[in-house]
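Engineer: Here the working numbering is used: the first residue of the sequence shown is -12, the next is one more, and so on.
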Amino acid sequence: DLLHNLTNHPVSSSGKSSSSLAHALRVFHAHRVSFLDLEEDLKILKDMGVNNVRIPLSWCLTDHDPATIQGGEDIELLEERFTCLDPFYKEEGVRWPAVPKSLLTNFLRACAKHGITAILDLHTYPGGTSIGTFSGVWPRWSRFWIYGDAPATDGNETKEDIGRELFQNFVLWVESLATEDPTAFEGLRGVSPMNEPAHLAGLFFGEKDSILDSSLEFLPELPKEMADSYLAELNDSCNQEAEGGYKCTKIPNGNHLRVLLWLRDAAETFRSSSLPSLGKELHMNIIESIFSSSDFSEKYTNPQKEKMHTVASWWRSATTPEERSTWAILDVHHYHAWDEDCQGTSDGPPVGNYTCNDESAKTATLRRCASWASIYRDAVDEECGPGAKLESAEFSSSTHHLVQRACNDIGTLRQTYQLQTEAARDANVGLFYWSFKMPFGGAFRNAWSFKHLMYLLGVLPHPDESNYDCNHVAANGEPKSEMFD
-12 DLLHNLTNHP VSSSGKSSSS LAHALRVFHA HRVSFLDLEE DLKILKDMGV NNVRIPLSWC
48 LTDHDPATIQ GGEDIELLEE RFTCLDPFYK EEGVRWPAVP KSLLTNFLRA CAKHGITAIL
108 DLHTYPGGTS IGTFSGVWPR WSRFWIYGDA PATDGNETKE DIGRELFQNF VLWVESLATE
168 DPTAFEGLRG VSPMNEPAHL AGLFFGEKDS ILDSSLEFLP ELPKEMADSY LAELNDSCNQ
228 EAEGGYKCTK IPNGNHLRVL LWLRDAAETF RSSSLPSLGK ELHMNIIESI FSSSDFSEKY
288 TNPQKEKMHT VASWWRSATT PEERSTWAIL DVHHYHAWDE DCQGTSDGPP VGNYTCNDES
348 AKTATLRRCA SWASIYRDAV DEECGPGAKL ESAEFSSSTH HLVQRACNDI GTLRQTYQLQ
408 TEAARDANVG LFYWSFKMPF GGAFRNAWSF KHLMYLLGVL PHPDESNYDC NHVAANGEPK
468 SEMFD
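Quick look at the structure:
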């Protein structure tokens, strides 16, 4: 919508024109090239001991360089080169601003220079794979699984399998860097095929815990024959003694099978490429919210633990022990801010689990919630055996998703951060902070900007602030910035 709004902002009496689209595209490019200082910011990260970063990007990539846009180009040419029409929102003309491949390779080369490696995370897909602001299509409803994946897998041969094809093409491009841009390839750690796939889908089905109108479901079931076949593939090994004497949790039937099947195929795409032999990794993100609590027996007293065992059991079926110890990394995100049992607020219970100034209750809650890392590790070790590489590629120090209620005092921020990082280190789970910086994030910066948190904790000398002020009025004689010309 930002691209749409910038493009349709009147620049002349005629309204939308090629110059308005050119302006919008140049604004996007200016932000992208200025947001991160490839020398200063990467040096800051490296000096703090950060060796790996995760870069979210959309499915819409381009071989063209927006720096070449002059403003007089034909509008159809600009749309073709620098945008992608969302195939599931054609009727609205929804277009995504393309990410230049040159921007990614420049970043990867800078990472290599500073001794850092990056994970390229395909954060969004056409139609949106989840509901929420991070889907790329919000406030529109997710259409990826219904109109993209379902027609492709459910016997309609006329439909493209857009999601799988996009990831396959992305892997091919990443492979090409090995010979075409070796320095950029050196700065690459691996790829992540999808971010939080079908997040919150479990809220839409299941009699016990469904809180939303079932007509809003965005993750359809697999066809019965396909579901039965895949479920048998997943669970047949559990009908006998688990291999190696490890636990073998049976995967329940349900809408989540569509996601698990897509991710299994993504693992096969990566496995079939040259990337494993070239030392690159697959970072497979999965989120427990795809499961409904009604998928599990009443006997389970800890649904979070059982869901984690289900994830681990699926991971065993999708990978081999050797792969899990080398290039296949399981990634499960975790936030105290959205976990009702972990939340802390300024006004305390019943909204939060503790009040910010209640040191005893706060410490007890934070220690218990930080143990999530060991629950994660234990579940995978029990299902897959030891040696699997694990990470949580998103976490923060926030105690509540509403910043007005969250605990933003330095003491709580320090304790929340330290307990999570210590628990993850003990469980051998890699962590990635939600964002390195968000200079216009206001009060959110305290708990969500790694740079600002490190400033508050006395690690960095400067706060997370931008060199540019949106309200700045140039003085007479002040040089004009070329940033947004």
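Glycine is no exception: its CB is placed at the ideal position from the N, C-alpha and C atoms.
Where does Val298 fall in DSSP's three states?
Structural biologist: helix
Engineer: What do you reckon, are the CB atoms on Thr116 and Pro184 nearer than 8 Å?
Structural biologist: yes
Engineer: In terms of DSSP beta bridges, what is Asn272 paired with?
Structural biologist: According to DSSP, which records beta bridges pairwise, Asn272 is partnered with Asp318.
Engineer: Considering only C-alpha positions, which residue in the set Ile42, Trp132, Gly150 is nearest to Ala105?
Structural biologist: Ranking Ile42, Trp132, Gly150 by Cα distance to Ala105 puts Ile42 first.
Engineer: For the 8 Å Cβ check, are there 3 or more pairs between the region 390 to 397 and the region 307 to 317?
Structural biologist: no
Engineer: Between Leu474 and Ile149, is the Cβ-Cβ spacing less than 8 Å?
Structural biologist: In the structure as shown, the chain begins at -12 and stops at 472. Residue 474 is therefore absent and cannot be evaluated.
Engineer: Consult DSSP for Ile103 and reduce its assignment to one of helix, strand or coil.
Structural biologist: coil
Engineer: For Leu32, which of Glu452, Asn454, Val446 has the nearest alpha-carbon?
Structural biologist: Val446
Engineer: Roughly how many whole angstroms lie between the Cα atoms of His387 and Thr111?
Structural biologist: Answer to the nearest angstrom: the Cα atoms are 25 Å apart.
Engineer: What first and last residue would you give for the beta strand (DSSP E) that runs through Phe419?
Structural biologist: Residues 416 to 420.
Engineer: So, helix, strand or coil for Trp83, using DSSP?
Structural biologist: Three-state DSSP puts Trp83 in a strand.
Engineer: By how many angstroms is the C-alpha of Ala411 removed from the C-alpha of Ala357?
Structural biologist: Linking Ala357 to Ala411 through their CA atoms gives a straight-line distance of about 8 Å.
Engineer: Just to confirm before moving on: does the CB-CB distance between Ser453 and Phe427 stay below 8 Å?
Structural biologist: yes
Engineer: How about Glu378 and His243: are their beta carbons less than 8 Å apart?
Structural biologist: Result no, Cβ atoms of Glu378 and His243 do not sit closer than 8 Å.
Engineer: With a threshold of 16 other CB atoms inside 10 Å of the CB of Gln57, please say whether the residue is buried or exposed.
Structural biologist: exposed
Engineer: Quick check: the Cα distance between Leu8 and Ser163, rounded to an integer number of angstroms?
Structural biologist: 31 Å
Engineer: Expressed to the nearest angstrom, what Euclidean distance is found between the alpha-carbon atoms of Asp369 and Tyr233?
Structural biologist: Note on residue identity: the sequence assigns Glu, not Asp, to residue 369. Straight-line Cα distance between these residues: approximately 6 Å.
Engineer: Please list, in chain order, all residues of the same chain as Leu72 whose beta carbon is under 6 Å from its beta carbon, the five residues on each side excluded.
Structural biologist: Arg82
Engineer: Judging by CA-CA distance, which residue of Val246, Asn38, Ala11 is the nearest neighbour of Thr70?
Structural biologist: From the listed residues Val246, Asn38, Ala11, the smallest Cα separation to Thr70 is found for Ala11.
Engineer: How close, in whole Å, do the beta carbons of Ala254 and Thr306 come, if the pair is a contact with beta carbons under 8 Å?
Structural biologist: 6 Å
Engineer: To the nearest angstrom, how far is it from the Cα of Glu63 to the Cα of Ser6?
Structural biologist: 12 Å
Engineer: Identify every residue that forms a DSSP beta bridge with Pro43.
Structural biologist: Asp108
Engineer: Quick check on this structure: which residue in Lys349, Val319, Ile316 has the alpha carbon closest to the alpha carbon of Asp328?
Structural biologist: Lys349
Engineer: Cα separation between Asn(-8) and Glu409?
Structural biologist: 44 Å
Engineer: Check whether the Cβ atoms of Leu440 and Ala375 sit closer than 8 Å, and answer yes or no.
Structural biologist: no
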